[in-house]
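Q: There's a structure below that I have some questions on.
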Amino acid sequence: MKLSAGFRNTYEEVPDLAKKFVNEAPNETGQRPKSKVSRDALVRTHQRHLKLLSEGSVPVRSLVLPKPYPPARGSVHATSTKTVHLGDLQIDSRDRDAVLLLRTITTPYVWSSTVAVVEDETGDVARVTVWNLEDNVVDPIVTKGSIIAIRQPCWTRLVDGGHHIRVDHPSDLVLLRPDDDLVPETWWNDEDLVTNRDPGQCKQDGDMMFLKKRFRQALELYTRGLQYVSNTPDPAAEIDLYRKRCGVSIVLLRLDDAANDLSEAIATHARSTPELSSSELTNASIVKAWLRNRSTEDPLHISSRIPRPLKELAARIKFDVGINQPTPDYNLPVISAYVGPLTLHVDAANYLCDTEVQNTGSHGRGQFAKRDFKEGDLICVEKAFVLPGYFMQDRNSDCLLYSLGDGTAAPRPGAWLFKELVQKLRWNPSLRKEFFDMTDGGYWEEHGWEVAEDEEIPVDVFRVEYIRRLNCFSAPTRSSDLLNQPPNSNPELRNGFWTHASYINHSCLPNTIRTFIGDLRFLRAARDIAAGEELTNQYVAPDIDINERREKFRTTWGFECDCQLCFTDGSVDKGIRKERLGQFEELKSMVMKLGEKGPPTITSLKKTARALREMEALYSPASAEGQGGEDPYATLPRLALVHPSLFLTEAWRSVKNVDRTIEYAIKLLRNFGIIARTEGKELKVDNQAGFVNVETVRALNYLAEGYTSRGEEELANQCLEKARLWYIIITGSEVGSEQFFGDFGL
Ligand SMILES: [Zn+2]
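Per my numbering, the very first residue in the sequence shown carries number 7; after that it's consecutive.
Pasting the structure below:
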């Protein structure tokens with residue numbers, strides 16, 4: 007088929023147009039489409055799109071979420087549901103109990119969404135667009151001839167005219183087996199029901215599909231094999247099929263199904279093994295409870311009593327569900343060496359028991375220390391709920407997410423996290439309660455509904471996105487990698503989801519630092535913390551300008567920071583605040599120009615130092631009125647001074663002026679809120695309300711260098727000792743410290 011040059015891909019929504027359309031299209035709710043497209047025309051258009059797809063003529067994947075509406079609930083087989091036909095549907099008007107039965111008559115088009123032409127029982131045709139389900143070209147959710155049930159169906163208008171049936175929530179689309187009671191008799195296909203009666207053949211065909219990465223087909227074949235095996239008992243074949251199906255489910259993030267299958271496999275094994283046939287292992291529900299209990303204990307010695315392949319699957323499921331260990335003992339060098347861009351997922355347990363979520367009384371829920379922690383201690387280690395491991399450089403994995411309802415857009419890391427969250431929640435009802443308990447910024451209040459105690463919570467994709475946006479973390483493959491990046495490089499960070507960690511509140515002066523190694527998120531104490539203290543973390547490094555800072559907190563997360571720095575910065579006279587910013591910008595451009603001219607001259611450094619002193623005056627006690635003459639910044643960071651003091655420290659170092667380097671390194675620490683001073687041969691570092699970060703680690707290194715060249719070895723060693731501890735705090739482990747400190751010749 008030859009395409010005319012002007013043929014446009016109308017299966018891909020242009021987000022800007024779609025947004026405009028959503029806001030401006032006339033309200034046609036309850037009406038029926040005025041015109042109908044013929045079967046031939048629909049199929050022809052579809053084939054042209056398939057051709058575009060095969061030629062690679064597709065834009066970057068855009069996931070488009072329309073205005074929110076609730077998902078269908080309960081079972082498609084419930085007595086309250088009623089079957090409707092295409093001719094019954096109205097525009098934008100959803101009947102919660104309606105079910106539309108359709109059969110696909112084309113191969114699906116799979117890119118941003120999955121599109122297929124379908125017919126109903128009466129022979130009417132339509133285009134169906136399914137969003138937010140696994141959109142894998144090799145293994146599409148529907149194939150030609152699939153029978154599907156669409157719940158609460160309605161017509162949705164397309165930007166370029168015409169109408170389609172659009173599905174956004176996973177529960178609104180149900181794939182039916184050919185022998186399902188709902189399938190109309192005219193669609194029965196005897197062939198589907200007679201082939202592959204032999205479990206061995208099913209297993210073989212399933213294995214073949216698995217190798218071709220057609221996972222859903224593999225599942226289907228193993229399931230069929232298990233049905234046949236139930237007629238003619240054959241424990242070995244049964245165990246094998248359960249084991250295989252369990253493996254596929256793990257690949258597809260279907261942990262609930264995987265745990266069910268493995269429990270059955272273990273119980274069947276026990277029943278057919280004489281020495282286990284009277285043990286608890288014959289009870290699948292006891293085995294399943296063990297698989298899901300998140301404990302490292304194995305009181306029934308299950309893992310030592312089952313064959314190795316089953317034991318390995320059990321370990322896999324337990325790690326993926328999440329195990330909790332009682333101590334912060336990790337072999338960090340081994341874990342760190344294992345982790346890479348393609349190997350993010352680490353077999354390690356969580357360490358959560360010394361922290362707890364509680365009400366703060368003033369700002370919602372928060373996370374609290376259950377025991378005392380010393381500076382540098384591990385407080386909490388958590389494996390990601392979801393951390394997508396896509397290929398950073400691959401154009402095929404480009405993806406953007408648009409929410410038309412509130413006009414937000416998320417780049418690739420957020421879009422991938424959203425996709426994976428929806429899948430994980432869709433297939434694991436047991437994980438939903440914990441997830442949907444997280445803050446959604448008021449979405450549920452506005453759009454939610456009553457959920458009965460025993461009701462399975464359906465996956466509302468709109469709510470998933472609100473929760474994602476408010477609770478996700480940006481994560482490098484390894485935090486230590488960020489230290490070894492060339493300056494000003496901007497590595498792409500992944501977006502991941504750590505449930506327990508989401509409860510920690512922001513403070514500009516946090517008492518903890520978070521780091522990442524693969525899918526493990528570490529929290530370490532940035533200073534000594536007492537039992538019962540609330541744990542805080544910086545969501546982002548605070549902006550110098552208090553107004554911008556507040557604006558960012560409000561618009562991104564919807565909170566007001568009540569930390570001491572925000573209070574103090576906020577109570578400074580407006581004029582002085584403005585002057586600080588003005589001088590900061592002036593000094594910054596002066597420093598930039600100096601940087602361009604090559605090595606600085608002593609005169610230029612003296613000039614910069616004078617300008618810095620003028621700025622320091624803007625932080626003097628007199629600058630903040632009504633504080634009783636005390637210095638309100640005595641222990642607080644002075645953010646506007648950080649950049650110039652960093653420049654001067656490094657500049658004095660570059661001209662080998664040791665005394666000035668030491669003076670300014672101490673100033674730099676001080677401007678980050680860390681008071682360092684020497685008493686004889688002793689270094690005193692007071693960090694009540696400062697930032698530990700890579701710059702403060704460097705400042706300590708500069709000090710160590712300076713003291714070494716002055717022959718003050720004891721002071722130098724104390725600086726280094728502190729720097730090494732802070733290195734662990736900001737990267738999570740000691741890994742890479744040799745290189746980092748080696749670069750300083752220390
Ligand atoms: Zn603050």
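Every residue gets a Cβ at the ideal spot worked out from N, C-alpha and C, and that includes glycine.
#1: Could you tell me whether any non-hydrogen atom of ligand 1 is closer than 7 Å to the CB of Ser-368?
#2: Tell whether a beta-carbon distance below 8 Å holds between Leu-423 and Asn-501.
#3: Should Leu-516 and Ala-537 be called a contact, given that it needs their Cβ atoms to be closer than 8 Å?
#4: Any heavy atom of ligand 1 closer than 7 Å to the CB of Cys-569?
#5: Am I right that Val-123 and Val-131 are in contact with their C-beta atoms under 8 Å? What's the rounded C-beta distance?
#6: What separation, rounded to the nearest whole angstrom, lies between the Cα atoms of Arg-560 and Arg-230?
#7: Decide if Ser-255 is buried, meaning its Cβ has at least 16 other Cβ atoms within 10 Å, or exposed.
#8: Just the C-alpha distance for Ile-550 and Leu-587, rounded to the nearest angstrom, thanks.
#9: What span of residues does the alpha helix (DSSP H) with Cys-725 cover, start to end?
#10: Considering only the beta carbon of each residue, do Glu-362 and Lys-376 sit closer than 8 Å?
#11: For the candidate residues Glu-34, Ala-421, Leu-316 and Asn-490, whose alpha-carbon lies nearest to that of Phe-468?
#12: Per the DSSP calculation, Val-131 is bridged to which residue(s)?
#13: Does the stretch 614-625 come close enough to the stretch 644-656 that 3 or more CB-CB pairs lie under 8 Å?
#14: Contact between the stretch 151-161 and the stretch 430-445: three or more CB pairs below 8 Å?
#15: Glu-720 and Lys-687: beta carbons closer than 8 Å?
#16: Report back the beta-carbon spacing between Arg-484 and Ser-626 to the nearest angstrom; my notes put them in contact at under 8 Å.
#17: Tell me the residue span of the beta strand (DSSP E) that contains Phe-528.
#18: Kindly list the residues whose CB is nearer than 6 Å to the CB of Thr-113, restricted to its own chain and excluding five residues on each side of it in sequence; keep chain order.
#19: From the DSSP output, in three-state form, read off Trp-758 for me.
#20: Ends of the beta strand (DSSP E) at Arg-67?
#21: Looking at ligand 1, does it come within less than 7 Å of Pro-159, judged from the CB to the closest heavy atom?
#22: Between the beta-carbon of Ile-292 and the beta-carbon of Ala-271, is there less than 8 Å?
#23: What span of residues does the alpha helix (DSSP H) with Gln-373 cover, start to end?
#24: Helix, strand or coil for Gln-457, going by three-state DSSP, please let me know.
#25: Among Ser-86, Lys-673 and Ser-68, which has the Cα closest to the Cα of Lys-25?
#26: Grouping DSSP H, G and I as helix and E and B as strand, with all else coil, what is Tyr-670?
#27: Is the separation between the beta-carbon of Asp-204 and that of Tyr-234 shorter than 8 Å?
#28: Just the C-alpha distance for Glu-685 and Ile-608, rounded to the nearest angstrom, thanks.
#29: What first and last residue would you give for the beta strand (DSSP E) that runs through Tyr-4?
#30: Using the Cβ count rule (16 or more neighbours within 10 Å means buried), how would you classify Gly-328?
#31: Which word fits Leu-393, buried or exposed, when buried means at least 16 other C-beta atoms lie within 10 angstroms of its C-beta?
#32: Shortest alpha-carbon distance to Glu-61 belongs to which of Leu-108, Asp-22, Ala-710 and Trp-117?
#33: Quick one: using the 10 Å Cβ neighbour count with 16 as the cut-off for buried, is Asn-402 buried or exposed?
#34: Quick check: what's the CA-CA separation for Pro-411 versus Ala-695?
#35: Of all the alpha helix (DSSP H) runs that stay within the bounds of the stretch 196-272, which reach a length of 4 or more residues?
A: The short version:
#1: What you label residue 368 is simply residue 362 of the sequence shown in a count that begins at 1. No.
#2: Along the sequence shown, read from residue 1 onward, the residue named residue 423 stands at position 417. Along the sequence shown, read from residue 1 onward, the residue named residue 501 stands at position 495. Yes, the pair counts as a contact, with Cβ atoms nearer than the cut-off.
#3: Counted from its first residue, the sequence shown places residue 516 at position 510. Counted from its first residue, the sequence shown places residue 537 at position 531. Here residue 516 is Pro; the residue named in the question, Leu, does not match the sequence. No, the Cβ-Cβ distance between Pro-516 and Ala-537 is not below 8 Å.
#4: As a position in the sequence shown, residue 569 is number 563, starting the count at 1. Yes; taking the cut-off as 7 Å, the Cβ of Cys-569 has a heavy atom of ligand 1 nearer than that.
#5: Your numbering for residue 123 matches position 117 in the sequence shown. Your numbering for residue 131 matches position 125 in the sequence shown. 6 Å between Cβ atoms; contact.
#6: Position 554 of the sequence shown holds residue 560. Position 224 of the sequence shown holds residue 230. In a straight line, the C-alpha of Arg-560 is about 53 Å away from that of Arg-230.
#7: Working through the sequence shown from its first residue, we reach residue 255 at position 249. It is buried - the Cβ of Ser-255 has at least 16 other Cβ atoms within 10 Å.
#8: Taking the sequence shown and counting its residues from 1, the one referred to as residue 550 is at position 544. Taking the sequence shown and counting its residues from 1, the one referred to as residue 587 is at position 581. In a straight line, the C-alpha of Ile-550 is about 8 Å away from that of Leu-587.
#9: If you number the sequence shown from 1, residue 725 lands on position 719. Residues 719-737.
#10: Along the sequence shown, one-based indexing puts residue 362 at 356. Along the sequence shown, one-based indexing puts residue 376 at 370. Against a cut-off of 8 Å, the Cβ pair of Lys-376 and Glu-362 comes out as a contact.
#11: Along the sequence shown, one-based indexing puts residue 468 at 462. Per the Cα distances, Ala-421.
#12: For the purposes of this step, residue 131 is identified with residue 125 of the sequence shown, where counting begins at 1. Note: Val-131 sits in a beta bridge opposite Glu-125.
#13: yes
#14: no
#15: By 1-based counting over the sequence shown, the position of residue 720 is 714. By 1-based counting over the sequence shown, the position of residue 687 is 681. A contact, by the Cβ cut-off of 8 Å.
#16: For this step, residue 484 is matched to residue 478 along the sequence shown. For this step, residue 626 is matched to residue 620 along the sequence shown. Incorrect: roughly 42 Å between the Cβ atoms, too far for contact.
#17: Along the sequence shown, read from residue 1 onward, the residue named residue 528 stands at position 522. Phe-528 -> beta strand (DSSP E) spans 526-531.
#18: Residue numbering aside, residue 113 sits at position 107 when the sequence shown is read from its first letter. So the qualifying residues of the chain are Lys-150.
#19: Residue 758 lies beyond the residue range present for the chain, which begins at 7 and ends at 752; the question has no answer from this structure.
#20: Sequence index remark: in the sequence shown, residue 67 carries index 61 (1-based). 67-71 is the span of the beta strand (DSSP E), which, as asked, contains Arg-67.
#21: The residue given as residue 159 occupies position 153 in the sequence shown. Every heavy atom of ligand 1 is 7 Å or more from the Cβ of Pro-159, so no.
#22: For the purposes of this step, residue 292 is taken as residue 286 along the sequence shown, with counting starting at 1. For the purposes of this step, residue 271 is taken as residue 265 along the sequence shown, with counting starting at 1. Going by C-beta atoms, Ile-292 is not nearer than 8 Å to Ala-271.
#23: Within the sequence shown, the letter at position 367 stands for residue 373. Not the alpha helix (DSSP H): Gln-373 falls in the beta strand (DSSP E), residues 371-375.
#24: Taking the sequence shown and counting its residues from 1, one reaches residue 457 at position 451. The question names Gln, yet the displayed sequence has Val at residue 457. Three-state result, Val-457: coil.
#25: By 1-based counting over the sequence shown, the position of residue 25 is 19. It is Ser-68 whose Cα lies nearest to the Cα of Lys-25.
#26: Stepping through the sequence shown from its first residue, residue 670 is reached at position 664. Note: Tyr-670 maps to helix in three-state DSSP.
#27: Position 198 of the sequence shown, counted from the first residue, corresponds to residue 204. Position 228 of the sequence shown, counted from the first residue, corresponds to residue 234. Yes, these two residues count as a Cβ contact at 8 Å.
#28: Position 679 of the sequence shown, counted from the first residue, corresponds to residue 685. Position 602 of the sequence shown, counted from the first residue, corresponds to residue 608. C-alpha separation (whole angstroms): 30 Å.
#29: This structure cannot settle anything about residue 4, because the visible part of the chain is limited to 7 through 752.
#30: The residue given as residue 328 occupies position 322 in the sequence shown. Gly-328 should be labelled buried.
#31: Stepping through the sequence shown from its first residue, residue 393 is reached at position 387. Buried, by the Cβ-count rule.
#32: As a working mapping, residue 61 is identified with position 55 in the sequence shown. Of the listed residues, the one whose Cα sits closest to Glu-61 is Trp-117.
#33: For the purposes of this step, residue 402 is taken as residue 396 along the sequence shown, with counting starting at 1. Answer is exposed; the Cβ neighbour count stays below 16.
#34: For this step, residue 411 is matched to residue 405 along the sequence shown. For this step, residue 695 is matched to residue 689 along the sequence shown. First, the amino acid is wrong: residue 411 is Gly here, not Pro. Roughly 40 Å separates the two Cα atoms.
#35: 196-200, 205-217, 221-235 and 241-257
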